[in-house]
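Once you know that position 105 of the sequence shown is 105 in UniProt numbering, the rest is easy, because the numbers rise by one and skip nothing. Step one of this worksheet: look at the structure below.
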Amino acid sequence: MLKYATPAGLKEIRTNIDEFLKLYKEDKAVLIDIRMPFEKKVWGLKFTIELSPEELEANLDKLPKDKLIVTACPGNGRSPYAAIYLKEKGFNAKYLEEGLIELMKKLKGAEAKNFLS
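Structure follows, in C-alpha coordinates:
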(Lines of atoms letter the chains of each structure in order from A and count residues from 1; the text may use other names and numbers.)
(Lines give C-alpha, C1' and ligand atoms only; values in the text may rest on other atoms or scores of the structure.)
Protein backbone atom coordinates (compact mmCIF):
# COMPACT_ATOMS: atom_id res chain seq x y z
CA MET A 1 0.00 0.00 0.00
CA LEU A 2 2.96 2.33 0.16
CA LYS A 3 2.44 2.93 -3.53
CA TYR A 4 -0.06 5.60 -2.47
CA ALA A 5 2.74 7.50 -0.71
CA THR A 6 4.37 8.31 -4.06
CA PRO A 7 3.43 11.25 -6.30
CA ALA A 8 1.81 8.86 -8.79
CA GLY A 9 0.00 7.04 -6.00
CA LEU A 10 -1.36 10.27 -4.55
CA LYS A 11 -2.94 11.04 -7.92
CA GLU A 12 -4.87 7.77 -7.64
CA ILE A 13 -6.38 8.63 -4.28
CA ARG A 14 -7.42 12.23 -4.78
CA THR A 15 -10.81 13.51 -5.70
CA ASN A 16 -12.04 16.98 -6.55
CA ILE A 17 -14.83 19.04 -5.04
CA ASP A 18 -17.33 18.48 -7.85
CA GLU A 19 -16.85 14.70 -7.80
CA PHE A 20 -17.18 14.60 -4.02
CA LEU A 21 -20.33 16.75 -3.98
CA LYS A 22 -21.96 14.56 -6.62
CA LEU A 23 -21.19 11.36 -4.70
CA TYR A 24 -22.23 12.91 -1.39
CA LYS A 25 -25.62 13.97 -2.78
CA GLU A 26 -26.08 10.41 -4.09
CA ASP A 27 -25.28 9.06 -0.59
CA LYS A 28 -22.17 7.33 -1.94
CA ALA A 29 -19.53 9.31 -0.03
CA VAL A 30 -18.82 10.78 3.39
CA LEU A 31 -16.36 13.49 4.35
CA ILE A 32 -13.96 13.20 7.27
CA ASP A 33 -12.83 16.56 8.62
CA ILE A 34 -9.33 15.58 9.75
CA ARG A 35 -8.46 18.93 11.32
CA MET A 36 -7.09 19.32 14.81
CA PRO A 37 -9.61 20.19 17.57
CA PHE A 38 -8.35 23.79 17.89
CA GLU A 39 -8.94 24.31 14.16
CA LYS A 40 -12.51 23.02 14.41
CA LYS A 41 -13.29 25.56 17.13
CA VAL A 42 -12.91 28.35 14.56
CA TRP A 43 -15.49 26.92 12.15
CA GLY A 44 -17.22 23.60 11.70
CA LEU A 45 -19.12 21.64 9.10
CA LYS A 46 -22.33 19.89 10.06
CA PHE A 47 -22.20 17.34 7.23
CA THR A 48 -18.78 15.87 8.09
CA ILE A 49 -17.46 13.18 10.37
CA GLU A 50 -15.13 15.07 12.69
CA LEU A 51 -12.04 13.06 13.61
CA SER A 52 -8.63 14.45 14.44
CA PRO A 53 -5.59 12.46 13.27
CA GLU A 54 -5.27 11.06 16.80
CA GLU A 55 -8.90 9.86 16.80
CA LEU A 56 -8.89 8.17 13.40
CA GLU A 57 -7.48 4.78 14.40
CA ALA A 58 -9.78 4.40 17.41
CA ASN A 59 -12.88 5.11 15.31
CA LEU A 60 -12.37 2.85 12.29
CA ASP A 61 -15.31 0.68 13.34
CA LYS A 62 -17.63 3.70 13.01
CA LEU A 63 -16.70 4.39 9.38
CA PRO A 64 -18.78 3.05 6.49
CA LYS A 65 -17.29 0.27 4.39
CA ASP A 66 -19.89 0.75 1.64
CA LYS A 67 -19.12 4.39 0.77
CA LEU A 68 -16.19 6.40 -0.46
CA ILE A 69 -14.51 8.09 2.48
CA VAL A 70 -13.06 11.46 1.53
CA THR A 71 -10.60 13.03 3.96
CA ALA A 72 -10.13 16.79 4.06
CA CYS A 73 -8.23 19.49 5.89
CA PRO A 74 -7.61 23.14 4.96
CA GLY A 75 -4.51 22.68 2.83
CA ASN A 76 -3.85 18.94 2.49
CA GLY A 77 -1.23 18.73 5.19
CA ARG A 78 -2.98 15.76 6.81
CA SER A 79 -5.73 14.54 4.50
CA PRO A 80 -3.55 12.58 2.03
CA TYR A 81 -1.95 10.70 4.93
CA ALA A 82 -5.34 9.93 6.43
CA ALA A 83 -6.55 8.61 3.06
CA ILE A 84 -3.44 6.43 2.71
CA TYR A 85 -3.99 5.08 6.22
CA LEU A 86 -7.63 4.28 5.48
CA LYS A 87 -6.68 2.56 2.21
CA GLU A 88 -4.22 0.41 4.16
CA LYS A 89 -7.05 -0.54 6.51
CA GLY A 90 -9.24 -1.68 3.61
CA PHE A 91 -11.46 1.37 3.13
CA ASN A 92 -12.31 2.99 -0.18
CA ALA A 93 -10.69 6.33 0.59
CA LYS A 94 -9.52 9.45 -1.21
CA TYR A 95 -8.53 12.94 -0.13
CA LEU A 96 -10.12 16.20 -1.24
CA GLU A 97 -7.59 17.70 -3.61
CA GLU A 98 -8.59 21.34 -3.15
CA GLY A 99 -9.03 21.15 0.63
CA LEU A 100 -11.71 22.42 3.00
CA ILE A 101 -11.20 26.11 2.37
CA GLU A 102 -11.91 25.73 -1.34
CA LEU A 103 -14.90 23.50 -0.52
CA MET A 104 -16.32 26.29 1.64
CA LYS A 105 -15.78 28.81 -1.13
CA LYS A 106 -17.69 26.51 -3.48
CA LEU A 107 -20.55 26.08 -1.02
CA LYS A 108 -21.55 29.73 -0.87
CA GLY A 109 -24.91 31.17 -1.79
CA ALA A 110 -27.02 29.20 -4.25
CA GLU A 111 -24.50 26.35 -4.45
CA ALA A 112 -24.76 25.80 -0.69
CA LYS A 113 -28.54 25.87 -0.86
CA ASN A 114 -28.56 23.31 -3.68
CA PHE A 115 -26.08 21.09 -1.84
CA LEU A 116 -27.95 21.10 1.46
CA SER A 117 -31.39 20.52 -0.05
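The C-beta atom is built at its ideal place from N, Cα and C for all residues, glycine as well.
Same chain, Cβ closer than 8 Å to residue i, neighbours up to 5 away in sequence not counted
{"i": "residue 13", "result": "4, 80, 83, 84, 87, 93, 94 and 95"}
{"i": "residue 75", "result": "99 and 101"}
Secondary structure of residue i, DSSP reduced to three states
{"i": "residue 57", "result": "helix"}
{"i": "residue 10", "result": "helix"}
{"i": "residue 94", "result": "strand"}
{"i": "residue 100", "result": "helix"}
Closest Cα partner of residue i within the set the options
{"i": "residue 54", "options": "69, 33 and 67", "result": "33"}
{"i": "residue 62", "options": "72, 50 and 73", "result": "50"}
{"i": "residue 102", "options": "17, 11, 10 and 8", "result": "17"}
{"i": "residue 91", "options": "68, 30, 40 and 23", "result": "68"}
{"i": "residue 107", "options": "65, 42 and 47", "result": "47"}
First and last residue of the uninterrupted alpha helix (DSSP H) at residue i
{"i": "residue 22", "result": "17-25"}
{"i": "residue 84", "result": "79-88"}
{"i": "residue 38", "result": "37-40"}
Limits of the beta strand (DSSP E) - the one that residue i falls within
{"i": "residue 32", "result": "29-33"}
{"i": "residue 68", "result": "68-72"}
Contact set for residue i: own chain, Cβ-Cβ below 6 Å, skip 5 residues either direction
{"i": "residue 127", "result": "For the chain, the structure presents residues 1 to 117; residue 127 sits outside this window and is missing."}
{"i": "residue 71", "result": "32, 34, 79, 82, 83 and 95"}
Same chain only: Cβ atoms within 7 Å of residue i, ignoring 5 sequence neighbours per side
{"i": "residue 45", "result": "33"}
{"i": "residue 73", "result": "34, 35, 79, 99 and 100"}
{"i": "residue 60", "result": "89"}
beta-carbon residue i near the ligand ATP non-hydrogen atom, thresh 7 Å
{"i": "residue 63", "result": "Here there are no bound small molecules, and the ligand ATP is not part of this structure."}
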